[in-house]
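Enquirer: Before we start, here is the structure in question, set down as C-alpha cells.
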Amino acid sequence: MIKVSGIRVPEGADTEHVRKKTAHMLRIKTEDMQDFRVLKRSVDARKKNEICDVYTVSFDAPDEKNTVRGCGLKNVSLIEETRYEYPISGVSMREHRPVVCGFGPAGIFASLLLSRAGCKPIIYERGCSMEKRASDVEEFFRTGLLNPESNVQFGEGGAGTFSDGKLNTGIKDREGRLRFVLETFVKCGADEDILTSSHPHIGTDRLRKIIPSIRYEIEKLGGEIRFESKVTGISVCDTEKAGKSMQLCGIRTEQGEDITCDSLFLCIGHSARDTFEMLHDTGVDMEVKPFAVGVRAEHERRMIDEAMRQEKASYRLTYHCRDGRGVYSFCMCPGG
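Residues in the sequence shown are numbered from 18 upward in steps of one, following this note's numbering.
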C-alpha cells in the first residue's frame, strides 16, 4: 500500500480532484489506484488568499516499490495496513471476574474489549448514568446546585463528555488503536468525518447517545455496570507466587460491598483525588505525570468562521518565545 501526505488542493475540492492530483504527482494512471482512501484532511489557512485543503491518502497499485522509488518524493512511502487486533475467543478465564474502576474513556474501552473477549467485567462508576448525569449537570448550570458525584467530572463518559468530545492525542499509533476507537464511535452514531479529520470531535449532544450505545453492547455481552458506586478500598493478601510477596484479592465500595477479584483496571481519570489518596495509603506505586497550565479564551464564533471561511471552523495556534518557552492552543470547540 502506498501512502501520500501533504497533497494540497483548492479549498472544497472533491475526492476525485485529490485522486487525480495524487496520480499526477506519482506519474501513474488513476485507474491503477485501487482502494483509494482518505486518511486525513485538514485546512491550511496560514495565507488568507491561498486557503487550501491538505490531504493524506493511501491506495494499492501495481509495482508499488518502483512507483515510490521512481517518483522521488519524500512525502510518498510504502505502508502496511494495520488493524487493531484484540482477543475475542479462547481467553483463559480467571477464577474471578475482572473489575473496572471508572467508566470514562479508558474504562469504557477496557470494559468493551473485556466483554468482547468473554470476560464479563464488573464496572464501578462513582457517578451516574448518562441520562441522570445530564440532568444533574443542567441543574448545576441553572441553579448552581452541585452533586459532588454527578457533574462535569464524574459520571458515565468521563469529563470529556461535557467538553465537546474532542478526540486528540499526541501518541503515535503503530498498532491501529486510534482507528479502532474512531470506528467504534462511528458504528455507534458519530459522523464518519471523524475518521479523516485532523482535529476530530463528536460533540456533546451526540456523545450523550453514543456512550450509552457502547454501554448497551457491554451489558449485552455479560458486563455489569454499577453506577453511583465508588470504590473506597482495595485489599491485598500474601502470595507464594515467584517474585511476588503480595497480590490483589478484592475491593470495597462506599456502600460496604466487598468484591473478590484478582484483576483490577484503575480507569479513574485525574480528578478522583480521594481515590488516589486511598491507593497511596494502600501502598500502590504511583508517579507524577507532567502537565501544562492553561487559560480559557473566548471569542465570537462568527469571527473565526468568517476568517477561516468555514461553517464550523477549527484552528490551532502556537507561539515560541525568545526565551525558548512555547505556548499553544490545546483544544477548541468548532461551532461553539
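Note that CB positions come from ideal geometry on N, CA and C, so glycine has one too.
Between G286 and G175, which are expected to be in contact by the criterion C-beta below 8 angstroms, what is the C-beta distance as a whole number of angstroms?
Expert: Indeed they touch by this definition, with Cβ atoms about 6 angstroms apart.
Enquirer: State the CB to CB distance for the pair L43 and C88, rounded to an integer number of angstroms; the pair is presumed to be in contact (CB under 8 angstroms).
Expert: Right, the Cβ-Cβ distance comes to about 5 angstroms (below 8 angstroms), so this counts as a contact.
Enquirer: From the DSSP output, read off the bridge partner residues of P79.
Expert: Paired residues: none, contrary to the question.
Enquirer: Skipping 5 residues on each side, what residues in its chain have a beta carbon closer than 8 angstroms to that of E236?
Expert: The answer, listed in chain order, is I242.
Enquirer: Do three or more CB pairs link the stretch 92-106 to the stretch 204-215 at distances below 8 angstroms?
Expert: Output reads no: the stretch 204-215 does not touch the stretch 92-106.
Enquirer: Nearest by alpha-carbon distance to D275: which of S288, T299, M263, V248 is it?
Expert: Nearest option by C-alpha distance: V248.
Enquirer: Just to confirm my understanding: we take L163, look at its own chain, exclude 5 residues before and 5 after, and list those with CB closer than 8 angstroms. What are they?
Expert: If we look at L163 and ignore the five residues flanking it on each side, its Cβ neighbours are F157.
Enquirer: Taking 6 angstroms as the limit between beta carbons, can you name the residues of its chain near E166, skipping five residues before and five after?
Expert: Within the same chain, E166 has close Cβ partners R143, G144.
Enquirer: Please identify the residue among A40, K64, I251 whose C-alpha is closest to the C-alpha of E81.
Expert: Measuring from the Cα of E81, the nearest candidate turns out to be A40.
Enquirer: With H, G and I counted as helix, E and B as strand and the rest as coil, what does DSSP make of E142?
Expert: DSSP places E142 in strand when its eight states are reduced to three.
Enquirer: So for K306, helix, strand or coil by DSSP?
Expert: Note: K306 maps to coil in three-state DSSP.
Enquirer: So, using beta-carbon positions, are P122 and P138 closer together than 9 angstroms?
Expert: No, the Cβ-Cβ distance between P122 and P138 is not below 9 angstroms.
Enquirer: So, using beta-carbon positions, are S22 and R54 closer together than 9 angstroms?
Expert: Against a cut-off of 9 angstroms, the Cβ pair of R54 and S22 comes out as no contact.
Enquirer: Report the option in V60, K20, E33, T47 whose CA atom is closest to the CA atom of S215.
Expert: Of the listed residues, the one whose Cα sits closest to S215 is V60.
Enquirer: L131 by DSSP, collapsed to three states: which one?
Expert: In the structure shown, L131 sits in a helix (DSSP, three-state: H, G or I).
Enquirer: Find out if the Cβ-Cβ distance for the pair I125, I228 is shorter than 9 angstroms.
Expert: Yes, these two residues count as a Cβ contact at 9 angstroms.
Enquirer: Quick test of your reading: D77 and V26, contact by CB under 8 angstroms. State the CB separation rounded to the nearest angstrom.
Expert: D77 to V26, Cβ: 21 angstroms. No contact.
Enquirer: Work out the CA separation of G119 and G172 for me, nearest whole Å.
Expert: One C-alpha to the other measures close to 8 angstroms.
Enquirer: Which residue from F197, S346, T256 puts its Cα closest to that of A314?
Expert: Cα-wise, what sits closest to A314 is S346.
Enquirer: Given that a residue counts as buried once 16 or more other Cβ atoms are within 10 Å of its Cβ, and exposed if not, what is M303?
Expert: Label assigned to M303: exposed.
Enquirer: Under a Cβ-count criterion, where at least 16 other Cβ atoms within 10 Å of its own Cβ denotes burial, should G300 be classed as buried or exposed?
Expert: Exposed, because fewer than 16 other Cβ atoms sit within 10 Å of the Cβ of G300.
Enquirer: Taking D61 as part of the alpha helix (DSSP H), name the residues at either end of that continuous run.
Expert: Counting along the chain, D61 falls outside any alpha helix (DSSP H), though it belongs to the beta strand (DSSP E) covering 51-61.
Enquirer: Just grab the DSSP bridge partners of P229 for me.
Expert: DSSP output for P229 lists no bridge partner at all.
Enquirer: Determine the direct distance from the alpha carbon of I68 to that of G29, and round the result to whole angstroms.
Expert: Approximately 10 angstroms between the Cα atoms of the pair.
Enquirer: Given a cut-off of 9 angstroms, decide if S128 and G240 are closer than it, judged by their beta-carbon atoms.
Expert: Yes. Within cutoff.
Enquirer: Check whether the Cβ atoms of T221 and S180 lie closer than 9 angstroms to each other.
Expert: Yes, the Cβ-Cβ distance between T221 and S180 is below 9 angstroms.
Enquirer: Assign S94 to one of two classes, buried (16 or more other C-beta atoms within 10 Å of its C-beta) or exposed (fewer than that).
Expert: S94 comes out exposed.
Enquirer: What do you reckon, are the CB atoms on T277 and G193 nearer than 9 angstroms?
Expert: Contact: no.
Enquirer: Can you give the beta carbon distance from A330 to P351, rounded, assuming they're within the 8 angstroms contact cut?
Expert: A330 to P351, Cβ: 6 angstroms. Contact.
Enquirer: In this structure, does DSSP put D70 in helix, strand or coil?
Expert: Three-state DSSP puts D70 in a strand.
Enquirer: List the whole-angstrom C-beta distance separating L265 from L281, where the pair is believed to meet the contact cut-off of C-beta under 8 angstroms.
Expert: Yes, L265 and L281 are in contact; Cβ-Cβ is about 6 angstroms, under 8 angstroms.
Enquirer: Can you tell me where the beta strand (DSSP E) holding R36 begins and where it ends?
Expert: Taken as a continuous stretch (DSSP letters only), R36 belongs to no beta strand (DSSP E), being part of the alpha helix (DSSP H) at 32-43.
Enquirer: My understanding is that R133 touches L238, with C-beta atoms under 8 angstroms, so please give their C-beta distance in whole angstroms.
Expert: Yes, they are in contact, since the Cβ atoms of R133 and L238 sit about 6 angstroms apart, within 8 angstroms.
Enquirer: Would you kindly check if the distance between the Cβ of M147 and the Cβ of T178 is under 9 angstroms?
Expert: Their beta carbons are under 9 angstroms apart, which means T178 touches M147 by this criterion.
Enquirer: So, at 7 angstroms on beta carbons, what are the nonlocal neighbours of D52 in its own chain, with the 5 sequence-adjacent residues on each side left out?
Expert: Hits under 7 angstroms: F76, D77.
Enquirer: Measuring straight from C-alpha to C-alpha, what distance separates T160 and V154?
Expert: Each residue's Cα considered, the two are about 10 angstroms apart.
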